[in-house]
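In the numbering used here, the protein residues as written are 47 to 152.
Every residue gets a Cβ at the ideal spot worked out from N, C-alpha and C, and that includes glycine.
Please read the structure below before turning to the comments.
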């Protein structure tokens with residue numbers, strides 16, 4: 047008698063679980079019909095762009111010129127003496143983190 051109840055309980059619970067898992071699973075996996083596939087979007091040529099500086103719309107040529115200008119490194123604004131001093135201060139800070147006893151010697 048126990049085995050029959052166990053088999054019935056197992057069968058009923060498996061049926062309930064399979065029914066609840068099946069509801070709407072196929073429809074939820076599909077994208078909306080108006081969604082453009084990513085493969086098509088990757089092949090489109092972008093003719094208009096926005097400026098990364100102020101967000102204004104630019105043509106493709108203007109965008110390429112702006113990117114070329116942004117790629118060029120601007121000249122340094124600090125004198126070489128100040129840059130050397132900043133480098134030495136950063137080096138001193140790093141050495142003091144590794145060797146804290148050096149602070150007492152200075």
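In this structure, residue 112 sits near residue 104, with a CB-CB distance shorter than 8 Å. With a beta-carbon spacing of about 4 Å, residue 95 and residue 109 fall inside the 8 Å limit used to define contacts.
For residue 140, no pairing in a beta bridge is given by DSSP. Residue 60 and residue 51 have their alpha carbons spaced roughly 14 Å apart.
Residue range 103 to 105 is occupied by the beta strand (DSSP E) that includes residue 104. When rounded, the separation of the alpha-carbon atoms in residue 139 and residue 130 is 14 Å.
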